[in-house]
Each structure stands twice: as C-alpha cells, then as structure tokens.
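Asks:
Protein chains: 4
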Amino acid sequence: MSQARRSFASDTITPMAPEVLDALARVNLGTAHSYGEDAETTRLTTLARELFETELAIFPVTTGTAANALALTAIAPPFGAIFCHRLAHINTDECGAPEFYTGGAKLLPLDSADGKIRAAQLAAPIAHAREMGVHHVKPAAISLSQATEWGTVYTLAEVASLAAEAHAHGLAVHMDGARFANAMVRLDCTPAAATWKSGIDVLSLGATKNGALAAEAVIFFKPELARDFERNRKRGGHLWAKTRFLSAQLNACLGNGLWLRNARIANTLATRLAQGLEGCGIALLQPVDANEVFAAFPAPLIAALRAQGFEFYEWPAPPGLNSPVVRLVTAFDMREADVDALLEAIRQAS
Amino acid sequence: MSQARRSFASDTITPMAPEVLDALARVNLGTAHSYGEDAETTRLTTLARELFETELAIFPVTTGTAANALALTAIAPPFGAIFCHRLAHINTDECGAPEFYTGGAKLLPLDSADGKIRAAQLAAPIAHAREMGVHHVKPAAISLSQATEWGTVYTLAEVASLAAEAHAHGLAVHMDGARFANAMVRLDCTPAAATWKSGIDVLSLGATKNGALAAEAVIFFKPELARDFERNRKRGGHLWAKTRFLSAQLNACLGNGLWLRNARIANTLATRLAQGLEGCGIALLQPVDANEVFAAFPAPLIAALRAQGFEFYEWPAPPGLNSPVVRLVTAFDMREADVDALLEAIRQAS
Amino acid sequence: MSQARRSFASDTITPMAPEVLDALARVNLGTAHSYGEDAETTRLTTLARELFETELAIFPVTTGTAANALALTAIAPPFGAIFCHRLAHINTDECGAPEFYTGGAKLLPLDSADGKIRAAQLAAPIAHAREMGVHHVKPAAISLSQATEWGTVYTLAEVASLAAEAHAHGLAVHMDGARFANAMVRLDCTPAAATWKSGIDVLSLGATKNGALAAEAVIFFKPELARDFERNRKRGGHLWAKTRFLSAQLNACLGNGLWLRNARIANTLATRLAQGLEGCGIALLQPVDANEVFAAFPAPLIAALRAQGFEFYEWPAPPGLNSPVVRLVTAFDMREADVDALLEAIRQAS
Amino acid sequence: MSQARRSFASDTITPMAPEVLDALARVNLGTAHSYGEDAETTRLTTLARELFETELAIFPVTTGTAANALALTAIAPPFGAIFCHRLAHINTDECGAPEFYTGGAKLLPLDSADGKIRAAQLAAPIAHAREMGVHHVKPAAISLSQATEWGTVYTLAEVASLAAEAHAHGLAVHMDGARFANAMVRLDCTPAAATWKSGIDVLSLGATKNGALAAEAVIFFKPELARDFERNRKRGGHLWAKTRFLSAQLNACLGNGLWLRNARIANTLATRLAQGLEGCGIALLQPVDANEVFAAFPAPLIAALRAQGFEFYEWPAPPGLNSPVVRLVTAFDMREADVDALLEAIRQAS
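Chains as they are written, first to last, in the working numbering: chain X, 61 to 410; chain L, 61 to 410; chain V, 61 to 410; chain Z, 61 to 410.
Written as structure tokens, this is what we have:
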C-alpha cells in the first residue's frame, strides 16, 4: 500500500485525471483540421451550450492566466479600470498579465476579510472616477473569483447583487472560475444559475486544477463581447495548432460530470480536514466552502510538519492575527487517508 | 487496409507521435511541483545542454507563435527593429504577436525569391536607421526561419555569414526553428553547428509539427539574454501549472532521436513527392530541402484533386509566374502510399 | 541688410509666425479653465466647423507624431493593419509611435515612385489577409500623406478613388496632413473638398511647420470615431493643462487665412527654386507640388554648397538613379533672395 | 482697479509668467536646428548642471503626465512594480499613462494620512513579491510626490530615509516634482540637497503650474538611466520639432531664480489663506507646506461661495471626517487682495 501523500501545497501539483488521459489517447488518431476546425472543438461548443442552457461562445486556452487576461481584454479598454478584490489572482499572481493583454488597463483593488467584493463597494469609486473624467481610468468591469482566493464561495444572491450594481453603472462582469467546479459543488445549482442568470458576462472556467493536463475555457454569455477574442488569442500565442487536444480535455471534464465528481472529492476532503483541525483546537480563518483550508498554525507545528515532509504554503496573515497562517489545499486525486495522516501528525506534534 | 491519407495541408494536422503519448502517460503518476520545479523540466535542461554541447537556457512553451514572440522580446526593445523575410511567419502568420509581446517593435521585411535573407541586405537599412537617429526604430535583431517558409534550408555558411553581419552591427540573431528538425536532417550536422556555432543567439525549436501534442522550446545560447524571460512568459499566460507535461513532450522528442527520425520520414516523403511531380512535368518553385513542396498546378488539376478529397493550400504566386501555386506538406505520420496515391491522382487528372 | 538664409534643411527650423506669437500674448491674460475648457478651444471647434463646412470633432495636440499616432489609434485595433506608403512618415520617422499608441497594430507598406499609394494596390493584400483569418493582422485603415513625403500632392480624384476603395473594404481613411496647407494651396479647393468630401475620415492637420510654435490638430469627420480620443490623448501625456495656448496657435493659423498665406509663400518659393534648378540643368526627381524639391545633385556640388554653409538633407536615391539626391525645403519665413542666393551658389559651383 | 480673482481651483489656470513670454519672443528669431539641436536646449543642460551641482541628463517635455510616464519607463520594466502613495497623481490623475508608457507596469499603492509614503511601508510588500517570484510583478521603483498631493512637503530626512530603503532593495527612486519649486521654497535648501543628495534618481520637474506655457523637465541624476529616454520620448510623440521654444521656457524659469520667486509668492499666499481660515474657525486637514490648502468647509459655506463666483474643487474626505473638504490653490499670479477677498467672503457667509 502506497504511503500517504504529504503535499497540501496546491491543486496544481496533481496529475491528469485518468479520463483526461484516455480522451487524449482517443483523439490521437489520424489527422484533424488544425486551429480549432475540428470535431472536438465543435463538440465543446455544443456541450457548453447544453450545460449552460444558453447561447454562448466558448474558447479553450491553456492557462488560467491566459483565460483571465483574454477575458478581461474583451471587456476593458486600455484606459479602463477593473475592480477586483485586493487579493484576486489577477491582481497578485499573474505578473501583470491583465495589464499586458489589455494594453494597460488598471486593476482597482477593493478589500474585505473574506475575499469577496460587495456591491456597496462600487458606487463611491465609480462616482469619483466619473467626476475625474479623462484624468482617471474609466470604470469598465468588475472581476470576482468564484471560489475566492480565501476559499470562500459567493452565494448566488451575492453574485447577483454585485453584478446588478456593476451593470447599473455600465460595467461588465467577469468571473474568475479557476475553481468554479468547487464552487458549483458548494452551490449545488445549475451552471446557468451560477453564471449568466446571476449576471455573469464572461467566465474563466478552470479545468487544470481539477483533472486536466492544461485546459481552461473562456465563456462569453454575451457572444457579441467575443468579437475580437480569436485575434487576441492568436496574437497572445494561445491558439493551439492541434486544438483538438485542448478541447478534448474540456470535453472529458465537462461531458459526463467528471468536473463535479472531482470537485466533490476535493471539497469533501477539505471539509474533513477542517473538521479535524477544529477537533485539534486549531482556528480556521475562513469558512471552508470549497477545497482550501486556511488555518492558524503555531510556528513549532509548522516546523514539525515540514520536518516530516508535509508541504503547504504559509499565507500572509490578516491584520490583527498574531499567528502564522497556512493554506492547505485538497484535490481530486487525494484520499481520506491522506487527510487523516496529516491530522494524525498534527495531533502528535501538538 | 486503410485508405490513403488525402491531406497535404499542413504538418499541424498530425496527431501526437506514440512516443509522446507514452511520455504523457508515464509522467502522469502522483504529484509534481508545479510551474517548472519538476524532474522532467530539470531533465529538459540537461538534455538540451548535452544535445547542443553548450551552456544554454531552455524554456518550454505551447506554441510557435509564443516561442517566437517571447524570444524576440528578449532581444528587441519596444522601439527596436527586427529584420526578417517578407514572408516570415512572424511577419505574416502570427497576427502581430511579435509587436504585441515586444511592446511595439517593428518588423522590417526583406525580400528574396527563396525565402532566405542575406547578409548583403542588412547594411543599407541599418545605415539608414542610424542616420535617422531617434526618429527611426533602432535595429536590434534579425530573425531567420530554418527551414524557411519556402521550404528551403539555409546552408551553415549562409547562416554564419548572415549572423556575422548582424553581430557586426550589434544586432542579435534569432532563428525560427518551427521546422528545425527538418532542417537538421537536411544539413546533417550537429545541433551545435546548426545554431550557436553558426552565430544563432536564440532559437525557437518546434516540436508540435513533428510529433508533440503542443510543445516548443525557446533556447538561449547566451543565457544572459534570458534574464527577463520567465516573467514575460508568465505575464503572457504561458507558464503551465503542470509544466512536467510540457517538458515531457520535449524530452520524448529530443531524448532518443525521435525528432530526427520523424523529420527524416517527412523530408524523405517530400523528396519522393517532388520527384514524382517532376516526373509528371509539374514545375517546382523551390528546391525541396525539407518537408514542403511548392508546385505550379494548373487550375483544372487543383479542381480535380479537390473533387477527390485531396487537401492543400494555394499559395500566393511569386511575381512573373502565371499559374496557381500549391503547397504540399508531408509529415512524420505519412507513408509512401499516401504520396503515391496523390501522384497517381495527378497522373490520371493530367 | 541681413544675410541670405542658407538652410533648406526643413520647415521645422522656422520660428513662429508673428501672428502666432501675438496670439499667445493676447491670450496670456488672467486665468482660464484648464484642460480645454477654455474659450480658445471652444472657438477652435467653431472655426474648424465653419472652415470644413461640417460637423466634426477637433483636438489640438503638440506634435505631428502625436497627431498621427492618436488618429490611427481611433481607427485601428491592436491586431489591425494600416496600409501606407513605404516612405510614409508614420512608417519611417516616428520611431514606432503608431505601433506604440495602437498597442501593436502593423503598418503594411505599399510602394510607388511618387510617394502616393493607389486604389489598385489595396485589393490583393486585403484579400490575402482575409483568407489568412486570425493568423494575419486585420486590415483596418489606410493612411495617405497629403502632401506626400516626395513633395507631391494627390489630386482630389486620386484621394477619392483611394478612399472609396478603402471604404469598400471596410477600412477607415486617415490623412497625414503635416503639410496639408501646402497641399491646399496646390489643390486650390475648399478644405471640405480636400477631405471629407473626398472620403477622408480623420485628418492630422499640421501647423507647426507652417507658423505655429507647436500645434497640430486631429480632426474627425465622423465624430463617432473620436469616442476614445480624449482618454487616449490624456494617457499619452498630450492633454495640456493650459490648452488655451495650444488652441490659440491653431486659431491664429486657421482663423484668418494665415495658414494658406504662409503655405503659398513656401510653395511659390519651391516653384521658383525648382525652375531655377532646371535652368541650371539639374534634374528634379518629382513634380514640385508643394514646398519640397528633390533634386539630383552631383557630389562635388553638394560639397561646394556645404562648404559655403548651405544646409539640406541627402535623401536615399530611388532605384536606378546613380546620383546623390538632396531635399530642399522652403518655408513661410523665407524670401526670394534666399532662393536666389542658393541658385547663384549652384551656378557658380557648377 | 481689477476685481479680485475668484478661482482657487488650481495652479493650472494661470497664464504664462511675463518672463516666459519674453523668452519665447526672444528666441523667435530666424531659424534653429530642430529636435533639440539648438542653443537653448544646450543651455538648458548647462544650467541644470550648475543648478543641481552634478552631472545629469535633462530632457524637456510638455506635460507633467508625459514627464512622469517617461521617467518611470526608464526605471520600471513592463513586468515591474512601482510603489507610490494611493493618492499619487500617477495613480489617480493620469488615466493610466504610467501603465501605457511602461508597457503594463503596475502601481502598488501605499496609504497614509498626509500623502507621504514611508520607508517602513516598503519591506513587507517587497518581501512578499520576492517570495511570489515570477507570479508577481517585480518591485522596480518607488515614486514620491514633492510636494505631495495633500500639499505637504517631505523633509530631507524623510526623503533620504525612503530612498535609502528603496535602494537597499534595489529599487530606483522617482520624484514627481510637479510642485517641486513650492517644495524647494519650503525646504530652503539647495536643489542638490533636495534631490540626488537625498537619493533621488530621476526627477520630474514641473514648470507649467509655476509660470511656463507648457514645460516640464525629466532629470536623470544617474545619466545611464537615460539610455532609452530619447527614443521613448519620440515614440510618445513628445519630441518637439521646435524644441528651442520648450527649452527656452525652462531656461526662463530656472535661469534667474524665477521658479523660486514664483513659488514663494504662491506659498506665502497659501500660508496667509491658511491662517485666515483658522482665524475663521475652519479646520485645516494638513499642514500647509506649499501652495495648497485643504479645509473642512460646511456645505452651506461652499454653496454661498460658489454663488458669489468662487471656484475650487471638493476633495474626497478622509475616513472619519464628517464634512465636505475643499482644496484651495494659490499661484504665482495671485495677490494678497485675492486671498483677502476670499477670506472676507467666508467671514460674511459664516
């Protein structure tokens, strides 16, 4: 029997799900028209329209950073402003990709304790920007992360209220869904309800963390926003010659519920882990809505776990907390035994 | 027995080579550190250094457009000029990716009948640019395609002479090697001789057309040029979370000679096709040095072949030629029977 | 009596016209709202609408490079293509400003002996671009220089035919009018006829070479194209705090015919110079339609004139001409005596 | 006798100082080499070196936005981060010019009550960025405004401490000196002490608000940082053909102490205004170190003053203040009577 897995560093360290590898093998027969003129890519559009119950335009790309940057380019001009959470991946982890792709649009960070931005935060900075006229970047869009960077999940009502406020000001609404499947499991609603019915205009839908080799999708629920997408994707170097292999991954994930099954595994393990930590008297920083657990670990505990080979990231502690913080991420390829082994090690070290 | 393959449209329509799929399956076990901190990526550097017999920095990316744009960004400032052939892929087929990534650098096209640029073409425009001072973009680099967009291959002496002239003017030298393996087969020399020993500073090394799923490499033979590469790659959205799957493809291609074996198949079939065409009295436009054949096809022949399901692109005819031109591309996954079937169809249609 | 002026280098070496200095002094009283909310700027719009007999949006900027780059940004997306003459100022003399401002749009150069581009040159490259789809930059605009960089002036019929062809393909039409006044004098028509009635969508109207301190105007004859102009101007750093001083220059030039009077002086002197050169047996390279004379000067003549302090630029000789070429520029602040002194020096040196 | 001036909106509403107009007239004689090859521009360098007592490179440009954006481009790569105050002009009033010119660098805002950033604010975000590696923009520079956007002036010790901390982390130091002259008057030190001796690497030195038509200077105290400046300026459209008129303005301001005389007038009037307001029982928000006064005005007072034609901007109130805030700006062209008239109106309205 194999040793328990000791890395809770990220869901990016995972392999492909077997179903994804099978899909790559299955489409690896003969030739196919390149650059997206293939059957898998056609099927992806069909599949997405069924799944989201609406007309839409869907484009596969390789990375979440590319998905976000290209999505934002469709809704923010070079002189535009994009509101997002201060800790949003687009603001802190993409080395300026949104600024690069949009030609210089500005991210205007909003703050909150739980990683969510709120409708009430928009009116004042938008009014200020309007007053400033051409001297200020022009409010163009908001971007929310679902699940958030703190592992929390917006309720449908929260999304709808935020999107309504944005739309009332003429702003477009982007959702960074790098962990959209994990949020879906939590919300237990239809993909349509989670997105366009709640006011989302464009979604970055992640699959890489949830079983794909390297595949994300940009989905426009207002297809007219997609007008320039294909050229922007091409000049970003993100149009695969053999697009069938990109689309096939997404089809494998979305086509038979794999994305939700995988996310459910991860979420359930995160809940198990969270409950176990609380049982050990360890404080959680946030509700565990998806597959990430943020916990206050004493420094000696961190050292003890690392000494045993456990891996995880320390996280900047929020103001007022006088303890190191760790992020523990579960994933589709983990088992209960992996979680239990960590909990056991914590108990012994405490 | 399967029907002969009828598409000579491109080497981008090919599947993965079986060895590449095997490699993906092989590394699809357990976790691996993400973003390139994995064993496959380490091995890629080792392998490339052995293969090219020198210190170098190698970075895997997904597409040839990304490889070229990122390579050029390392050697041309936003106000720089890059000399290339008028028909270079970077000038005509990448939707402005080099301009996008470099922040606005300008491609200055040079012309020639055979797709090669020549040392003698550089002095005059460089002198002119220098005279113009700050009013003109600053000559920064040249980019040559090996093999060229006309399917020809520069001799080592041609590369060396061009690179020496560029260096004499302080310009860096980029090689677009989307079909570098095909050129290597033709040149029958060491990779070192074909590149840095001939004056190449940075190489885009293609694998996608030659057996990979989606993998190219940017190789800096002057590692100091790579200083900003990783951040530019990240903000271009080209850093894979699961980089092991990108590196594994390249390792499969480069590690045991697969790249040359595959290219040899393609080149040999192209030669067979070219000889067959000449046997049919059809004029070739260029020497067939690699895996592309450019031929003057009468319009009725084109129609007849298309009616039978053959696929290929028509190409802009060079000045003075009063006939349609077609491009026929062979690839590693084709057989002699495929070529012979096309030749037979031509004979019958003529 | 003052010595004859010996520089024919450029019309950029000129001082302000006295009327422009007077205008600066006149508006230098008390305060005025900044950033264009002033009476001079309002008057500029009124004046331009009267002069061009149409609704339009006019924006003053400082330099011709800024005017061109900002005008092109309004009509070409980052992935767009702009057709222009190979020798167009935007292609050779602005250090990549159009690429910078548009976010990477590509200038596609067309060639001709007289500096003019022609309707018949557009169809083929546009058709090619369309065929290439997302792989190729998207044809978005043409830019013609009036007067051209060879000192020639498009006839109204030439402009109209070129613009009609561009519009038929969905392209917008920009006119670089750095020497528009000189062209107007030649054409002897209304400003409306020279521009929007001939199909011009946006004009860079130069005043700096013709008497201003530093003032050009971008005029949109389809005001909806101006939608983003003000923000692009601001982020380019081209919105003056004290815009009244910019608008006042243009009002001084345009308001009472000064621009045409000044241009007529320059054109008349150029004609006098051209006739004098022909009288000396010196070949002209182009018809002298405006205020620039291109002539084949033997190298000893060039040396002799330079030795006497005459200044002018040598120009790249067109293919087939086996002689140095010089450009001689006249301007509003020159006198017949200046021209005659040069001619006399040529006669003595010959 | 003329009516008291009623606008305290900004120092951008001012005319030219008479000495600047005289300088324009003085250099408006005959021809001069264009694009900066003129005697006035040469003199500007000499003058600046004398004034700042060091080698330096100085470049005149038209606007403060251009000066800042071009200065930052010299010290921050496209993937770089620039720390500045949340309310810095570059962050809020330039419509994204720094992002545009740098090719997408990111401004990382720091906050404080008095408009100053402090050395102690740098270490944590720099450490975080370093940990994040290529995922995060790379700390490259800081930018401080002297005087600040709250009208306060950094002491020399504050500047030195901030610059030392930045340098210790390898960051370059930019000073936005749109109101540098006003700060100089406050500091009463040499220009050298206020800048490079305190660790400033590059200065945007404003003249427009202080008497010029439209002139600012970018001064590099480490001339090697200026390497690419001239091309970046050209492609930004900021190289004047008739640069003599730009340099002449700066020479008029800097050459005989005009900049300090003018700034002293403005500062003295601001102090007079501040004292008068306090005499009326009106609270000031900040120390009045330069020529801007921020005060808490009851809404009825604002209305009453506006009804009499007084002009000024309302400002976003800082957290915790429950009153409208106004900004009152004095300038070189105002008189004590103007200030006294406002104070009298306030007394009567209260």
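Where is the CB? At the ideal position from N, CA and C, for every residue including glycine.
Which residues does DSSP pair with V/G237 in a beta bridge?
Replies: Your numbering for residue 237 of chain V matches position 177 in the third sequence. In DSSP, V/G237 forms a bridge with V/L265.
Asks: So, using beta-carbon positions, are X/M244 and X/W300 closer together than 9 Å?
Replies: For the purposes of this step, residue 244 of chain X is taken as residue 184 along the first sequence, with counting starting at 1. For the purposes of this step, residue 300 of chain X is taken as residue 240 along the first sequence, with counting starting at 1. Not closer than 9 Å, so no.
Asks: Please classify V/L89 as buried or exposed, where buried requires at least 16 other C-beta atoms within 10 Å of its C-beta.
Replies: As a first step, residue 89 of chain V must be located in the third sequence, where it is residue number 29. Exposed: under 16 other Cβ atoms inside 10 Å.
Asks: Am I right that V/E113 and V/T250 are in contact with their C-beta atoms under 8 Å? What's the rounded C-beta distance?
Replies: Start at 1 with the first residue of the third sequence, and residue 113 of chain V comes out as number 53. Start at 1 with the first residue of the third sequence, and residue 250 of chain V comes out as number 190. Indeed they touch by this definition, with Cβ atoms about 7 Å apart.
Asks: So, is Z/A92 buried or exposed, given that buried needs 16 or more other C-beta atoms within 10 angstroms?
Replies: On the fourth sequence, position 32 is the one that residue 92 of chain Z refers to. The residue in question, Z/A92, is buried, as its Cβ has 16 or more Cβ neighbours within 10 Å.
Asks: Are any of the Cβ atoms in chain X nearer than 9 Å to that of L/T125?
Replies: Within the second sequence, the letter at position 65 stands for residue 125 of chain L. Chain X, which has a Cβ nearer than 9 Å to the Cβ of L/T125, makes this yes.
Asks: Could you name the residues of chain X that Z/D153 contacts, counting a contact when the two beta carbons are closer than 9 Å?
Replies: Your numbering for residue 153 of chain Z matches position 93 in the fourth sequence. In chain order: M192, H195 and H196.
Asks: For Z/E290, go through chain L and note every residue whose CB falls closer than 9 Å to its CB, in chain order.
Replies: Taking the fourth sequence and counting its residues from 1, the one referred to as residue 290 of chain Z is at position 230. Per Cβ cutoff of 9 Å: G193 and V194.
Asks: Under 7 Å Cβ-Cβ, which residues of chain X neighbour V/L167?
Replies: Residue numbering aside, residue 167 of chain V sits at position 107 when the third sequence is read from its first letter. What V/L167 touches in chain X: nothing, since even the nearest Cβ is about 16 Å away.
Asks: Within a Cβ cutoff of 8 Å, which residues of the same chain sit near X/F160, ignoring the five residues on either side of it in sequence?
Replies: Numbered from its first residue, the first sequence carries residue 160 of chain X at position 100. The answer, listed in chain order, is A129.
Asks: Under the criterion of a Cβ to heavy atom distance below 8 Å, does Z/L167 qualify as lining the ligand ATP?
Replies: For the structure depicted, the ligand ATP is absent and the ligand set is empty, with no information on it obtainable.
Asks: Per DSSP, V/V213 is paired with what?
Replies: Residue numbering aside, residue 213 of chain V sits at position 153 when the third sequence is read from its first letter. Per DSSP, none; premise fails for V/V213.
Asks: Out of Z/G369, Z/A363, Z/Q368 and Z/A330, point me to the one whose CA is closest to Z/E396's CA.
Replies: Taking the fourth sequence and counting its residues from 1, the one referred to as residue 396 of chain Z is at position 336. Cα-wise, what sits closest to Z/E396 is Z/A330.
Asks: What residue range is occupied by the uninterrupted alpha helix (DSSP H) comprising Z/V348?
Replies: Locating residue 348 of chain Z in the fourth sequence gives position 288, where the first residue counts as 1. Neither: Z/V348 is in no alpha helix (DSSP H) and is coded neither H nor E.
Asks: What residues from chain L crowd round V/E159, counting only those whose CB sits closer than 7 Å?
Replies: Position 99 of the third sequence holds residue 159 of chain V. Chain L residues near V/E159: E159, G164 and K166.
Asks: For V/N40, is the classification buried or exposed, using 16 other Cβ atoms within 10 angstroms of its Cβ as the cut-off for buried?
Replies: Not covered by the structure: residue 40 of chain V. The range shown for chain V is 61 to 410.
Asks: Strictly by DSSP, which residues pair up with X/R387?
Replies: Locating residue 387 of chain X in the first sequence gives position 327, where the first residue counts as 1. X/F354 and X/Y373.
Asks: Can you tell me whether Z/C340 is buried or exposed? The criterion is at least 16 other CB atoms within 10 Å of its CB, across all chains shown.
Replies: Numbered from 1 along the fourth sequence, position 280 holds the residue referred to as residue 340 of chain Z. With fewer than 16 other Cβ atoms within 10 Å, it is exposed.
Asks: Kindly identify the DSSP beta-bridge partner or partners of X/C144.
Replies: The count along the first sequence starts at 1 and reaches residue 144 of chain X at position 84. Answer by DSSP bridge pairing, in chain order: X/P169 and X/S203.
Asks: Would you please state the rounded distance, in angstroms, between the beta carbons of X/G175 and X/T123? I believe it to be under 8 Å.
Replies: Counting from one through the first sequence, the residue named residue 175 of chain X turns up at place 115. Counting from one through the first sequence, the residue named residue 123 of chain X turns up at place 63. Going by Cβ atoms, the distance from X/G175 to X/T123 rounds to 21 Å, so no, they are not a contact pair.
Asks: Short check: CB of V/R239 to CB of V/G271, under 9 Å?
Replies: By one-based count along the third sequence, residue 239 of chain V stands at place 179. By one-based count along the third sequence, residue 271 of chain V stands at place 211. Not a contact, by the Cβ cut-off of 9 Å.
Asks: Does the Cβ of Z/P358 have 16 or more other Cβ atoms within 10 Å, making it buried, or fewer, making it exposed?
Replies: As a position in the fourth sequence, residue 358 of chain Z is number 298, starting the count at 1. The residue in question, Z/P358, is exposed, as its Cβ has fewer than 16 Cβ neighbours within 10 Å.
Asks: What are the complete alpha helix (DSSP H) segments, minimum 4 residues, inside the stretch 248-302 of chain Z?
Replies: Counting only runs of 4 or more, we get 251-254 and 289-295.
Asks: Relative to the C-alpha of Z/L222, which residue among Z/L182, Z/L314, Z/A69 and Z/A157 is closest?
Replies: Taking the fourth sequence and counting its residues from 1, one reaches residue 222 of chain Z at position 162. Looking at the Cα atoms, Z/L182 is the closest of the given residues.
Asks: Counting only C-beta atoms, is V/F280 closer than 9 Å to chain X at any point?
Replies: Against the third sequence, residue 280 of chain V aligns to sequence position 220. Taking Cβ atoms only, chain X never reaches closer than 9 Å to V/F280, which makes this a no.
Asks: Let me confirm a value: Z/G380 is counted as buried when at least 16 other C-beta atoms fall within 10 Å, else exposed. Which label applies?
Replies: For the purposes of this step, residue 380 of chain Z is taken as the residue at position 320 of the fourth sequence. When all chains shown are included, Z/G380 counts as exposed.
Asks: Mind checking if V/P156 is an interface residue toward chain L, Cβ cutoff 9 Å exclusive?
Replies: As a working note, residue 156 of chain V is residue 96 in the third sequence. Looking at the sequence provided, one finds Gly at residue 156 of chain V rather than Pro. So yes, V/G156 belongs to the interface.
Asks: Just grab the DSSP bridge partners of V/S67 for me.
Replies: In the third sequence, counting from the first residue as 1, residue 67 of chain V sits at position 7. BP columns for V/S67 point to V/E371.
Asks: Determine the burial state of Z/Q309: buried for a count of at least 16 other Cβ atoms within 10 Å of its Cβ, exposed for fewer.
Replies: Numbered from 1 along the fourth sequence, position 249 holds the residue referred to as residue 309 of chain Z. Counting Cβ neighbours within 10 Å, Z/Q309 comes out buried, since at least 16 surround it.
Asks: Mind listing which residues of the stretch 115-149 of chain X have their C-beta closer than 8 Å to chain Z's C-betas, in chain order?
Replies: Result list: P138 and F139.
Asks: Using the three-state DSSP reduction, which class does L/A409 fall into: helix, strand or coil?
Replies: For this step, residue 409 of chain L is matched to residue 349 along the second sequence. Three-state result, L/A409: helix.
Asks: So L/H298 contacts chain V; which residues on that side make the cut at Cβ distance below 7 Å?
Replies: Within the second sequence, numbered from 1, the residue matching residue 298 of chain L stands at position 238. The premise fails here: L/H298 is roughly 17 Å from chain V at the closest Cβ pair, so nothing lies under 7 Å.
Asks: Contact between the stretch 392-410 of chain V and the stretch 249-264 of chain Z is defined here as three or more beta-carbon pairs at a separation below 8 Å; is this criterion met?
Replies: Touching, no, given that fewer than three Cβ pairs across the two stretches are closer than 8 Å.
Asks: Closer than 9 Å, CB to CB, is V/Y95 near chain X or not?
Replies: Position 35 of the third sequence, counted from the start, is the residue given in the question as residue 95 of chain V. Interface residue, yes.
Asks: Apart from the five residues on each side of it in sequence, which residues of its chain come closer than 6 Å, Cβ to Cβ, to Z/A312?
Replies: Residue numbering aside, residue 312 of chain Z sits at position 252 when the fourth sequence is read from its first letter. For Z/A312, where only same-chain residues beyond five positions count, the Cβ hits under 6 Å are E79, V80 and A83.
Asks: Under 8 Å by Cβ, that's how I've got L/D398 and L/R65 pegged, so tell me the actual separation to the nearest angstrom.
Replies: Numbered from 1 along the second sequence, position 338 holds the residue referred to as residue 398 of chain L. Numbered from 1 along the second sequence, position 5 holds the residue referred to as residue 65 of chain L. Contact flag correct, Cβ pair sits at about 5 Å.
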